[in-house]
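Data first, discussion second: the structure below is written as C-alpha cells.
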Amino acid sequence: MTEVNTGVYVGRVISRIAENLWERCCEAACNGRLTMIASSNEREQGFTVKTLNSGKLELIDFDGLVLIEKPSLVRGNRE
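The number in this note's numbering is simply the position in the sequence shown, starting from 1, with 71 added.
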C-alpha cells in the first residue's frame with residue numbers, strides 16, 4: 072500500500088487482507104470517518120464501497136450500482 076496523501080492509501084491486496092485492514096481500521100477509528108473502496112468482480116462497477124461514520128451520506132444499491140445519497144438534499148431540507 073502506498074500513502075498517496077495524508078490518510079489515503081492505494082494498492083492491490085487480496086480480499087482477505089482488505090477485510091483484515093477494514094476491521095483493524097474500524098477498531099482504531101473511534102469517532103473518525105472511514106471509507107474503503109476495493110475492487111470486486113461481484114459488482115457491475117467493479118468495486119465495492121464501505122463506510123464508517125459517514126455522516127449524512129448513505130450508500131444505496133441501485134440494481135447492482137453503488138450510489139451515494141445525501142438525504143438532506145433528497146428530502147428537500149437544504150442545509
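Backbone N, C-alpha and C fix where the C-beta goes; we use that ideal spot for every residue, glycine too.
Residue i: first and last residue of the uninterrupted alpha helix (DSSP H) it sits in
i          : result
residue 92 : 86 to 100
Span of the beta strand (DSSP E), counted from its first residue to its last, around residue i
i           : result
residue 121 : 118 to 123
residue 73  : 73 to 76
Three-way DSSP call (helix, strand, coil) for residue i in this model
i           : result
residue 111 : coil
residue 128 : coil
residue 145 : In this prediction, residue 145 scores a pLDDT of 49, lower than 50, which makes its location untrustworthy; no coordinate-derived value is stated.
Contact check, residue i vs residue j, beta carbons under 8 Å
i           : j           : result
residue 110 : residue 118 : yes
residue 136 : residue 115 : yes
Rounded distance between the beta-carbons of residue j and residue i, thought under 8 Å
i           : j           : result
residue 120 : residue 108 : 5 Å
residue 128 : residue 141 : 6 Å
residue 73  : residue 81  : 6 Å
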